[in-house]
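Written below as structure tokens is the structure these notes are about.
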Amino acid sequence: MSSDFKSIPIIDVSPLLCNKWGDVDNEGVSEVVKQLDQACREAGFFYVKGHGISDSLIKEVRDMTRKFFDLSYDEKVKIKMSSKTGFRGYQRIGVNVTKGKLDKHEAIDCYREFKPGMYGDLGKTLEGSNKWPDRPSNFYSVVGEYINLLTGKLSALSFSVYLSRNILRGLALALGGCPKECEGERAGDPFWVMRFIGYPGISDAKGLEVPENAVGCEAHTDYGLLTLVNQDDEIPALQVRNQAGEWIWAVPIPGTFVCNIGDMLKIWSNGLYESTLHRVINNSPKYRVSVAFFYEPNFDAVIEPLEFCKEKVCGIEKCERTTYGEHLVRKVLTNFVT
1 MSSDFKSIPI
11 IDVSPLLCNK
21 WGDVDNEGVS
31 EVVKQLDQAC
41 REAGFFYVKG
51 HGISDSLIKE
61 VRDMTRKFFD
71 LSYDEKVKIK
81 MSSKTGFRGY
91 QRIGVNVTKG
101 KLDKHEAIDC
111 YREFKPGMYG
121 DLGKTLEGSN
131 KWPDRPSNFY
141 SVVGEYINLL
151 TGKLSALSFS
161 VYLSRNILRG
171 LALALGGCPK
181 ECEGERAGDP
191 FWVMRFIGYP
201 GISDAKGLEV
211 PENAVGCEAH
221 TDYGLLTLVN
231 QDDEIPALQV
241 RNQAGEWIWA
251 VPIPGTFVCN
261 IGDMLKIWSN
271 GLYESTLHRV
281 INNSPKYRVS
291 VAFFYEPNFD
301 AVIEPLEFCK
311 EKVCGIEKCE
321 RTTYGEHLVR
331 KVLTNFVT
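Residue numbers for the sequence shown, in UniProt numbering: 1 to 338.
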């Protein structure tokens with residue numbers, strides 16, 4: 001349950017990346033687990049440092065995103081998103097909807113690709129290949145390496161930091177389970193979603209004062225397990241709401257990701273961890289980019305409170321079960337103006 005937090009904690013997760021998970025009582029791991037538990041109980045958000053991904057790659061992903069959005073509309077619309085593309089591709093400003101309101105950003109949406117029919121009728125809505133831009137020419141290769149490092153597949157260097165998976169293992173320990181509690185049929189074959197987002201600069205050339213709280217993306221919670229946000233280093237924009245209703249800035253800290261927990265992890269924790277409301281303020285005269293990576297359960301996983309989380313409240317199931325894929329598709333089908 002979120003509290004009246006006034007700031008967002010910074011957690012060095014490097015002990016989780018170095019650990020082979022044979023020694024869960026390792027002092028470094030225990031300290032990170034303690035910090036994760038406190039952050040998820042109090043804020044649902046934390047900064048991730050010590051993540052093992054180079055600053056140069058993190059910046060390059062943002063730079064390529066900016067270069068794409070700098071292209072002409074005719075060029076960008078070559079990878080236009082529609083229901084026929086499995087909702088993969090480019091969307092212009094004013095197409096995305098959050099909580100019934102049009103967002104003021106453009107984006108490229110990507111999902112983990114899967115074979116047609118793999119998930120039956122459940123997966124049909126999102127079947128398709130990702131629409132990668134031809135320009136910049138190295139967009140796909142750079143993003144591919146970035147995704148591999150975030151998800152835990154082997155990179156070109158034949159190793160991986162397994163960032164998302166290791167954070168999730170730390171959270172499983174924090175909740176009172178074993179490190180691999182959330183793998184197997186739960187998230188052993190994780191789905192992922194990725195959004196490259198561009199927020200236009202707000203001009204006051206007409207003599208109108210720019211509203212201090214002009215919103216680029218309305219208040220919402222995230223759908224899945226973990227979100228890792230690679231945000232612009234210079235422009236504050238992300239705000240998180242505490243229990244008192246105050247909006248707390250997630251100010252950019254170079255070299256870190258902003259991580260937050262989503263609706264599926266809230267269910268697994270039986271409400272012990274809250275998926276916290278957050279929004280994006282867009283009041284800067286400068287164009288801003290953000291790259292959000294969503295690490296998810298297995299697409300067809302049944303999501304319900306973990307037994308050891310229910311035991312903490314006398315066996316009471318406080319969160320309703322769902323199927324992750326159904327939850328995601330339901331959200332996607334109401335997210336866009338067509």
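Positions of the beta carbon are idealized from the N, C-alpha and C atoms, including for glycine.
query	result
Secondary structure of Met194, DSSP reduced to three states	strand
Glu106, DSSP secondary structure in three states	strand
Spatial neighbours of Arg241 in its chain, beta-carbon cut-off 6 Å, leaving aside the 5 residues before and after	Trp247, Leu277
Whole-Å CB distance - Ser295 paired with Leu226, under 8 Å assumed	According to the sequence shown, residue 295 is Tyr rather than Ser. With 8 Å as the limit, Tyr295 and Leu226 qualify as a contact, their Cβ atoms being about 4 Å apart.
DSSP state of Glu218 mapped onto helix, strand, coil	strand
With 16 other Cβ atoms within 10 Å as the buried cut-off, status of Asn260	buried
Alpha helix (DSSP H) segment containing Leu306, residue limits	Leu306 -> no alpha helix (DSSP H), and no H or E assigned at all.
Straight-line gap, Tyr111 to Ser82 (C-alpha atoms, nearest Å)	14 Å
With 16 other Cβ atoms within 10 Å as the buried cut-off, status of Met64	buried
Segment contact flag, the region 160 to 172 with the region 180 to 188, C-beta cutoff 8 Å, min 3 pairs	yes
DSSP beta-bridge partners of His278	His220, Val240
Beta-ladder partner(s) of Trp249, from DSSP	Gln239
Coarse secondary structure for Leu157, derived from DSSP in three states	Per-residue confidence for Leu157 stands at a pLDDT of 44, beneath the threshold of 50, marking its modelled position as unreliable; no derived number is given.
Contact check, Glu106 vs Ile93, beta carbons under 8 Å	yes
Cβ contact check for the region 41 to 52 and the region 248 to 258: 3 or more pairs under 8 Å	yes
Buried versus exposed call for Leu154 [16 or more other C-beta atoms within 10 Å across all chains shown]	In this predicted model, Leu154 has a pLDDT of only 39, less than 50, meaning its place in the structure is not dependable; the value taken from the coordinates is given anyway. With fewer than 16 other Cβ atoms within 10 Å, it is exposed.
Contact under 8 Å by Cβ, Arg195 with Asp121	no
Reduced DSSP category for Phe257 - H, G, I as helix; E, B as strand; rest coil	strand
With 16 other Cβ atoms within 10 Å as the buried cut-off, status of Val143	buried
8 Å contact criterion, which Gly271 and Cys314 should meet: CB distance rounded	That belief does not hold up - the Cβ atoms of Gly271 and Cys314 are roughly 14 Å apart, past 8 Å.
C-alpha distance - Ala43 paired with Ser3, whole-angstrom precision	6 Å
Where Cys178 falls, given that 16 or more other Cβ within 10 Å makes a residue buried	exposed
Beta-carbon proximity of Asp232 to Arg62, cut-off 8 Å	yes
Bridge partner(s) assigned by DSSP for Tyr111	Val193
Cα-Cα separation, Val332 to Asp103	14 Å
Chain-order list of residues whose beta-carbon lies under 7 Å from that of Glu60 (same chain, five-residue window excluded)	Val142
Buried or exposed (CB count within 10 angstroms, at least 16 for buried), Asp70	exposed
Lys49, enclosing beta strand (DSSP E) - first and last residue	45 to 49
Cut-off 7 Å between Cβ atoms - residues of its own chain near Lys78, not counting five sequence neighbours on either side	none
Residue of Ile303, Tyr324, Thr322 minimising C-alpha distance to Glu181	Ile303
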